[in-house]
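These notes are about the structure you will find just below.
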Amino acid sequence: MGSLGSGHAAQFHVLAVDDSILERKLIERLLKISSFQVTAVDSGIKALQFLGLQDSTYQFHQEVEVNLIITDYCMPGMTGFDLLRKIKESTSLKDIPVVIMSSENVPSRINRCLEEGAEEFILKPVQLSDVNKLKPHLLRKRAEEQLSMSNKRKTMKECNSEELTNS
Amino acid sequence: MDGIVELQRQLVEYTTSLYDEGFLDDQFIQLQQLQDESNPDFVVEVVSLFFEDSQRLLNELANSLEQQSLDFRRVDAHVHQLKGSSSSIGAQRVQGACIMFRNYCEVQNVEGCLKCLQHVKNEYSLVKSKLETLFKLEQQVLAAGGTIPMP
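For the record, the sequence lines run as chains A and B. Counting from 2, one number per residue, gives the positions in the first sequence under this note's numbering. Counting from 186, one number per residue, gives the positions in the second sequence under this note's numbering.
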């Protein structure tokens, strides 16, 4: 088993959501340059479909893991806020960090998003320095997950060895 | 060698003037920094998308403002999009013109909106031709065997 953080860590996969093709191209490039794997979609509905969620029911187990969702706030139909809410309401998806992007600096909007569970709120135009801020969140989350998994394994091993000695 | 140096000088001078005159802002430099050997045409590609997007939005705006029953929210939505994309590529003057436009939408001033549309169109034409000239100068430097001076 590989140790925590040694060698080349598996790439983080980011799902980017923006209805503007120009913005998608930009965010995709920013993320790729920062060594993220990227899937870009043009609507909240497509994002939910990609995540395996349709009509609010979890349809299938995602083969591809998504580590972060970054979405524009102002989109026709389903806004970024609507998407955020749907993700946080889903038992299967609620732990995926969601970042909101917006060209407008509206404090009430920012608060609403953060209260709904958004990890960060980024003002457009998005820059490399904004994207760099995302990695620590993801690395820490991954470290926490790996630690909790290795603790579970340890506990199971202890239970198993107890059973063996007691039988 | 002299030829390349002269072309590079022209390019730097032209680029500087674009920033000095407010046509472009720092965001354009950010775009250039995203370009490398693996993505050598990134800036041109993004700017091309901007041109396509803007043309479409300007056409929509012209249509919307001609309607009998003006839907200001619809007009505002289009201007918002144009403001966003111009901001994303660093087209500062276009972005500024859009901000003014949105103010007139908010107070539902038709005359103001029409004037702003004209203003946005003018700024867009200007920055489009400036960027096309910039790209041409870059091509000349590259064709002469030179490299493009980094910002």
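No residue lacks a Cβ here, since even glycine has one placed at the ideal position from N, Cα and C.
Chain-ordered chain A contacts of residue i [CB-CB under 9 Å]
i	result
valine 231/B	Leu23, Lys26, Leu27, Arg30
phenylalanine 227/B	Lys26, Arg30
Closest Cα partner of residue i within the set the options
i	options	result
leucine 209/B	Asp256/B, Phe227/B, Ala276/B, Val229/B	Ala276/B
glycine 45/A	Asp73/A, Lys136/A, Phe13/A, Asn133/A	Asp73/A
glutamate 245/B	Val232/B, Arg259/B, Phe236/B	Arg259/B
lysine 313/B	Gln212/B, Phe236/B, Glu323/B, Phe286/B	Phe236/B
proline 108/A	Ile123/A, Pro137/A, Lys136/A, Ser91/A	Ile123/A
aspartate 211/B	His138/A, Val132/A, Gln128/A, Ser162/A	Gln128/A
serine 36/A	Leu54/A, Glu117/A, Asn133/A	Asn133/A
serine 93/A	Leu54/A, Gln50/A, Val99/A	Leu54/A
alanine 119/A	Pro137/A, Asn68/A, Val100/A	Val100/A
leucine 242/B	Gln325/B, Val279/B, Val292/B, Gln293/B	Val279/B
Cross-chain neighbours of residue i in chain B, by beta carbon under 7 Å
i	result
glutamine 128/A	Gln215
isoleucine 34/A	Leu219
Proximal chain A residues relative to residue i, where beta-carbon distance stays under 8 Å
i	result
asparagine 224/B	Arg30
Residue i versus residue j - alpha carbon distance
i	j	result
arginine 110/A	lysine 268/B	19 Å
leucine 165/A	methionine 150/A	23 Å
aspartate 238/B	glycine 330/B	33 Å
leucine 316/B	leucine 234/B	13 Å
methionine 157/A	glutamate 146/A	16 Å
histidine 9/A	glutamate 159/A	Because histidine 9/A sits at a pLDDT of 42, beneath the cut-off of 50, its placement in the model cannot be relied upon, and the following sentence gives the value as read from the coordinates. Rounded to whole angstroms, histidine 9/A to glutamate 159/A spans 31 Å at the Cα level.
cysteine 114/A	leucine 84/A	11 Å
valine 197/B	isoleucine 284/B	30 Å
glutamate 296/B	histidine 263/B	17 Å
aspartate 205/B	isoleucine 88/A	45 Å
serine 104/A	proline 126/A	7 Å
valine 190/B	threonine 200/B	15 Å
aspartate 226/B	valine 39/A	20 Å
isoleucine 71/A	leucine 16/A	6 Å
serine 249/B	threonine 80/A	23 Å
serine 273/B	leucine 319/B	18 Å
glycine 207/B	phenylalanine 213/B	12 Å
serine 270/B	serine 130/A	19 Å
tyrosine 309/B	lysine 321/B	18 Å
isoleucine 34/A	aspartate 221/B	10 Å
Where residue i meets chain B, residues with beta-carbon distance less than 8 Å
i	result
lysine 196/A	Here chain A comprises residues numbered 2 to 168, so residue 196/A is not present and cannot be evaluated.
Original post:
What residues in the region 267-286 of chain B have a beta carbon less than 9 Å from any beta carbon of chain D?
Top reply: Included in the structure are the protein chains A and B, with no chain D among them.
Subject >> Selection of the region 232-254 of chain B by Cβ proximity to chain A, strictly under 9 Å >> reply: Leu234, Phe235, Glu237, Asp238
**OP:** Using a Cβ-Cβ cut-off of less than 9 Å, give me the residues of the region 85-108 of chain A that come near chain B, in sequence order.
**Re:** Ser104, Glu105
Original post:
Mind listing which residues of the region 201-213 of chain B have their C-beta closer than 7 Å to chain A's C-betas, in chain order?
Top reply: Gln212
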